[in-house]
Amino acid sequence: MDILLLNGPNLNMLGTREPEQYGVQTLDDIVARISALATDAGLSIEHHQDNSEAGLIDKVHAASKNGTKYIIINPAAFTHTSVALRDAMLATDIAFTEVHLSNVYKREAFRKQSYFSDIAEGVISGFGAQGYEFALDAAITYIKEH
Ligand code: DQA
Numbered sequence: 001m002d003i004l005l006l007n008g009p010n011l012n013m014l015g016t017r018e019p020e021q022y023g024v025q026t027l028d029d030i031v032a033r034i035s036a037l038a039t040d041a042g043l044s045i046e047h048h049q050d051n052s053e054a055g056l057i058d059k060v061h062a063a064s065k066n067g068t069k070y071i072i073i074n075p076a077a078f079t080h081t082s083v084a085l086r087d088a089m090l091a092t093d094i095a096f097t098e099v100h101l102s103n104v105y106k107r108e109a110f111r112k113q114s115y116f117s118d119i120a121e122g123v124i125s126g127f128g129a130q131g132y133e134f135a136l137d138a139a140i141t142y143i144k145e146h
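Going by full-length UniProt numbering, the residue at position 52 of the sequence shown is 52; the numbering climbs one at a time, nothing skipped.
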């Protein structure tokens, strides 16, 4: 697998969850678009959404064994809480982009703290579903260059 797309808790509710914050596209819509774009670029992609920390951590561990070249991750609320998921990213040492649909810097103070930003290749926040496309572009470039 070239790219692993990971989405954290409550992102399965996209489409109906706080649409003013997260938009009206469902996660299936977003994944279908990103998967098609990755395939067009000649890259394989796997998607996994999980509401539990353990499920996300297990996927990151698996990525280190199956040749994954890049991870695009929206850790959702775990962004602000999860030392365990941060440690998993550090343990696997796969380059990754942190994505947020909303601009977390425009919101509550606790959302400004991320356990991932300082170890990510880059962070995309506030561009809605399009943020995943930007992240895919960055992943394609990274994979070509490494
Ligand atoms: C989010 C922002 C987080 O603060 C929040 O907990 C989410 C979604 C985003 O995509 O904007 O669940 O990661």
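Backbone N, C-alpha and C fix where the C-beta goes; we use that ideal spot for every residue, glycine too. As the structure is a prediction and not an experimental result, all values here were calculated from the model.
Cβ-heavy atom distance, Asn-74 to ligand 1, below 8 angstroms: yes
Same chain, Cβ closer than 8 angstroms to Arg-86, neighbours up to 5 away in sequence not counted: Within the same chain, Tyr-115, Phe-116 and Ile-119 come within 8 angstroms of Arg-86 by CB-CB distance, once the 5 residues on both sides are set aside.
Per-residue DSSP class, three states only, for Gln-130: helix
Residue of Glu-133, Asn-10, His-146 and Thr-97 minimising C-alpha distance to Ser-35: Glu-133
Buried versus exposed, by CB contacts within 10 Å (16 or more), Gly-8: buried
For Ile-72 and Met-1, the rounded distance between their alpha carbons: Between Met-1 and Ile-72, the C-alpha separation is close to 13 angstroms.
Beta-carbon proximity check, Ile-30 vs Thr-39, cutoff 9 angstroms: no
Own chain residues within Cβ distance below 6 angstroms of Lys-69, not counting five before or after: Asp-2 and Ile-143
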